[in-house]
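Notes follow once the structure below has been shown.
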Amino acid sequence: MRKLKNSELNRIDVDGFKNVEKIPLIVILDNIRSLNNVGSVFRTSDAFVIEKIYLCGITAQPPHKEIHKTALGATESVDWEYVEDTFELVEKLKKENVKIASIEQADNSTKLQDFAIEQNQKYAVVFGNEVKGVQQKVVSTSDYCIEIPQFGTKHSLNISVSVGVVLWDIFKKMRF
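If you read the sequence shown in our numbering, its first letter stands for residue 4, the second for the next number, and so on.
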């Protein structure tokens, strides 16, 4: 085996990304404190051709050097918008027939591996604050609460890791 050079990866450019078909998935960041986590979400969203990212509450917005450091240009490719109130955004998206899934540990949650995608349905996944998680009123109004199974001693994963796990799983279910 030989590692591929970047030029051999056949990646699209930003204009190509803007025109490629996206998966019907929106990412909502609910009060994320770490700018590095925000940048990582952009980069992962680019990798899995996510439709849009909403940055809510205290979540920082591009341009910012700490976001850019981990996003590596993905803030230019992935569509994004700032909305102050996560709950109001979720209510608006629900009226547009978008199914909302909070990524959270909760009673009656669905394990990620058991979450089934409906064909021709758009989804939004909500990721919460590094300490407090997704706001309870957002969890309460969500159509689903998806939990990433964990088997060690820690109670949670870093948000950027959670985003990677969830987006890859949903991408596979939508594309394969």
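Ideal Cβ positions, reconstructed from N, Cα and C, are used throughout, including at glycine.
Which residue spans inside the segment 103-137 form an unbroken alpha helix (DSSP H) run of at least 4? You should have found no qualifying run.
State the start and end residues of the unbroken beta strand (DSSP E) segment that holds Asp33. By one-based count along the sequence shown, residue 33 stands at place 30. Residue range 26-33 is occupied by the beta strand (DSSP E) that includes Asp33.
Element boundaries [alpha helix (DSSP H), containing Ile173]: By 1-based counting over the sequence shown, the position of residue 173 is 170. Where Ile173 is concerned, the enclosing alpha helix (DSSP H) stretches over 162-178.
Considering only the beta carbon of each residue, do Val141 and Thr89 sit closer than 9 Å? Taking the sequence shown and counting its residues from 1, the one referred to as residue 141 is at position 138. Taking the sequence shown and counting its residues from 1, the one referred to as residue 89 is at position 86. Yes. Within cutoff.
Between the segment 71-78 and the segment 166-175, are three or more C-beta pairs nearer than 8 Å? By the C-beta criterion, the segment 71-78 is judged not to be in contact with the segment 166-175, since fewer than 3 inter-stretch pairs fall below 8 Å.
Can you tell me whether Ile15 is helix, strand or coil according to DSSP? The residue labelled residue 15 in the question sits at position 12 within the sequence shown. Coil.
Might you give, ordered along the chain, the residues of its own chain that have their beta carbon closer than 8 Å to the beta carbon of Gly19, omitting 5 neighbours on each side? Mapped onto the sequence shown, residue 19 falls at position 16. So the list is empty, once near-sequence residues are dropped.
Per-residue burial, Thr163 [other beta carbons within 10 Å of its own, 16 or more giving buried]: Numbered from 1 along the sequence shown, position 160 holds the residue referred to as residue 163. A small fix is needed here, since residue 163 is Ser in this sequence, not Thr. That one is buried.
Look at Val93 and Thr144 and say whether their C-beta atoms are less than 9 Å apart. Taking the first residue of the sequence shown as position 1, residue 93 is located at position 90. Taking the first residue of the sequence shown as position 1, residue 144 is located at position 141. Cβ atoms of Val93 and Thr144: closer than 9 Å.
Please work out which residues of its chain come closer than 6 Å, Cβ to Cβ, to Asp49, disregarding the five sequence neighbours upstream and downstream, and give them in chain order. Counting from 1 along the sequence shown, the entry for residue 49 is found at position 46. If we look at Asp49 and ignore the five residues flanking it on each side, its Cβ neighbours are Ala77, Ser80, Val81.
Give me the Cα-Cα distance between Tyr126 and Arg14, rounded to the nearest whole angstrom. Counting from one through the sequence shown, the residue named residue 126 turns up at place 123. Counting from one through the sequence shown, the residue named residue 14 turns up at place 11. The C-alpha of Tyr126 lies about 26 Å from the C-alpha of Arg14.
Here's the rule: buried if 16 or more other CB atoms are within 10 angstroms of the residue's CB, otherwise exposed. What is Asn22? In the sequence shown, residue 22 corresponds to position 19, counting from 1. Here Asn22 is exposed, its C-beta having fewer than 16 other C-beta atoms within 10 Å.
Per DSSP, what kind of secondary structure is Glu79 in: helix, strand or coil? On the sequence shown, position 76 is the one that residue 79 refers to. In the three-state scheme derived from DSSP, where H, G and I count as helix and E and B as strand, Glu79 is classed as helix.
For Leu58, which beta-bridge partners are listed by DSSP? Within the sequence shown, the letter at position 55 stands for residue 58. Its beta-bridge partners are Leu32, Tyr85.
Just the C-alpha distance for Asn9 and Leu58, rounded to the nearest angstrom, thanks. Translated into positions along the sequence shown, residue 9 becomes position 6. Translated into positions along the sequence shown, residue 58 becomes position 55. Taking the straight line joining both Cα atoms gives about 30 Å.
Around the C-beta of Gln138, are 16 or more other C-beta atoms found within 10 angstroms, so that it is buried, or is it exposed? As a first step, residue 138 must be located in the sequence shown, where it is residue number 135. Gln138 comes out buried.
Helix, strand or coil at Ile53 according to DSSP, with G and I counted as helix: Along the sequence shown, read from residue 1 onward, the residue named residue 53 stands at position 50. Here Ile53 sits in strand by DSSP.
Between Leu38 and Lys176, what straight-line distance do the alpha-carbon atoms span, to the nearest angstrom? Translated into the one-based positions of the sequence shown, residue 38 becomes position 35. Translated into the one-based positions of the sequence shown, residue 176 becomes position 173. For Leu38 and Lys176, the distance between alpha carbons rounds to 29 Å.
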